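Engineer: Residue numbers (my numbering): 5 to 106.
#1: What is the rounded straight-line gap between the Cα of residue 22 and the Cα of residue 84?
#2: Would you report the Cα separation of residue 25 and residue 47, rounded to the nearest angstrom?
#3: Would residue 5 and residue 62 qualify as a contact pair, given that the criterion is a beta-carbon distance under 7 Å?
#4: Let me know if residue 39 comes out buried or exposed under the rule of 16 or more other beta-carbons within 10 Å of its beta-carbon.
#5: Between which two residues does the alpha helix (DSSP H) carrying residue 33 extend?
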């Protein structure tokens with residue numbers, strides 16, 4: 005199931021129609037990777053939800069956050085800058101939905 009549309013992700017990234025569609029394939033790929041990561045991190049499948057509207061808003065936001073991060077940081081490392089995790093970030097959004105395995 006496609007949880008985050010291209011239009012939704014473009015809006016999240018602040019990309020207007022003036023920006024053009026050059027990065028659309030890249031954005032779709034980043035959303036797909038982020039969606040798969042959220043599914044793995046939470047131990048769930050979005051296909052199990054009946055509709056996109058049934059997917060919790062915090063999981064949708066986690067996908068947007070991760071896809072934006074992947075879009076803005078296309079390499080595996082950064083050099084010469086300081087980076088830190090955003091408080092109440094990805095893990096905090098996904099944690100309540102994680103499947104418990106014993």
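All residues carry an ideal CB built from backbone N, CA and C; glycine is no exception. Since the model is a prediction, treat every value here as computed from it, not as a measurement.
Structural biologist: Let's see:
#1: 32 Å
#2: 33 Å
#3: no
#4: buried
#5: 28-46
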